[in-house]
Ligand SMILES: C[S@@+](CC[C@H](N)C(=O)[O-])C[C@H]1O[C@@H](n2cnc3c(N)ncnc32)[C@H](O)[C@@H]1O
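Numbering (the numbering used here), first residue to last: 252 to 624.
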């Protein structure tokens, strides 16, 4: 197996990968051990700016990581094998004296993760030539806070990889996401140049968290992700599926609807299907002028022998944790005349997150939904 490069270790650190995953990656970088070279690199990423710049503000995470690196290196130290780099002990001692930040964290319960999408070899962002996209996300330490919408779920990573690997499907399209959570998918849509992005969530605290993430990446000055969509075309909206009205949804008329990990609560599914079916059944008004830029791009609508030039499609990424719940979703979709195609294999995106050992890409399915009549 090819050794991951040290830059992967930096990305894993910034994404706050679980310490055990970080240690596995560090060992792979060193060819089976956390060699002094790898330890020095870890020291460098921890000491030189990445922590102090606020990218990783959780000192208990760093302390835990340092401890595991030291224990791992000590356990492999023998006469002529790996030695522990002194600076690691010094840094560990330093982090042992930093309780105040953690007290603050207990109150705030917030962390910042930076998700680095690394374009695989042979792939790059055609318009900018960029080799990576880094998205900064404020998340909660409590997985269930904000009705699950303040954490990053694997389906949104998969859907983001799909968007980045098929930019032509989304650029110059009006994209509308349901259950957007932290706003990762929306940032990727803005990055590939969707003409308009509406992100929605039914949970108020998720919505507030999402809005600050969009500020950070797409809307504020000096934003990191360098998105192509104009800031005034990006919106975060409160949309609980139970209370969304037909006229409100019909007025939206998006080209593409997206959702990541939204199929899990049987009580919400009839409402979710109702929202999806209204959005999917509403035909988009196409402007008359043939020289209209949006119209031109719509003629290229989905370059994969697609016959639905004027009707919207939906892309839903989902980890199926409970088949009964998922089958219920399929039944409701069929009753609503929605056609669902599993495109996981045919459209599987390449791996943009090779450093993220905690992310099980194989668990995610990708579905394409359309109105079948
Ligand atoms: C498991 S999280 C997924 C979040 C995000 N899409 C991701 O993959 O990281 C489910 C999201 O759906 C939202 N949600 C759940 N039920 C909802 C409802 N009835 N109406 C609107 N949003 C809802 C939650 O607030 C949460 O943000």
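Every residue gets a Cβ at the ideal spot worked out from N, C-alpha and C, and that includes glycine. Quick caveat, the model's predicted, so the values are computed rather than measured.
- Closest in alpha carbon position to residue 480, among 438, 501, 314, is 438.
- Nearest Cα to residue 623 within the set 534, 616, 615: 534.
- Between the stretch 590 to 609 and the stretch 404 to 417, the count of Cβ pairs shorter than 8 Å is three or higher; the stretches touch.
- Per the C-alpha coordinates, the member of 586, 571, 315, 466 positioned closest to residue 268 is 315.
- Spatial neighbours of residue 567 in its own chain (CB-CB distance under 6 Å, excluding positions within 5 residues in sequence) are listed in chain order as 510, 618.
- CA-to-CA, the gap between residue 528 and residue 348 works out to about 55 Å.
- Apart from the 5 residues on each side of it in sequence, residue 531 sits with its Cβ closer than 8 Å to the Cβ of 508, 562, 563, 564, 565, 589, 620, 621, 622 in its chain, given in chain order.
- Only residues of its own chain outside the window of five on either side were considered, and among them 262, 383, 385 have a CB closer than 6 Å to the CB of residue 367, listed in chain order.
- Taking a C-beta distance under 7 Å as the contact criterion, residue 421 and residue 443 qualify as a contact pair.
- For the pair residue 461 and residue 431, the CB atoms are nearer than the 7 Å cut-off.
- Annotation: residue 524 to residue 580 spans about 8 Å, alpha carbon to alpha carbon.
- Scanning the stretch 395 to 455 from its first residue to its last, the whole alpha helix (DSSP H) runs of 4-plus residues come out as 405 to 416, 418 to 421, 435 to 442.
- Under the rule that a run must span 3 or more residues, the beta strand (DSSP E) segments found entirely inside the stretch 485 to 543 read 485 to 489, 507 to 511.
- Under the DSSP assignment, residue 590 falls in the beta strand (DSSP E) whose first and last residues are 589 to 593.
- Boundaries of the beta strand (DSSP E) harbouring residue 617: 615 to 622, taken from the DSSP string.
- Just so you know, the alpha carbons of residue 313 and residue 344 end up roughly 12 Å apart.
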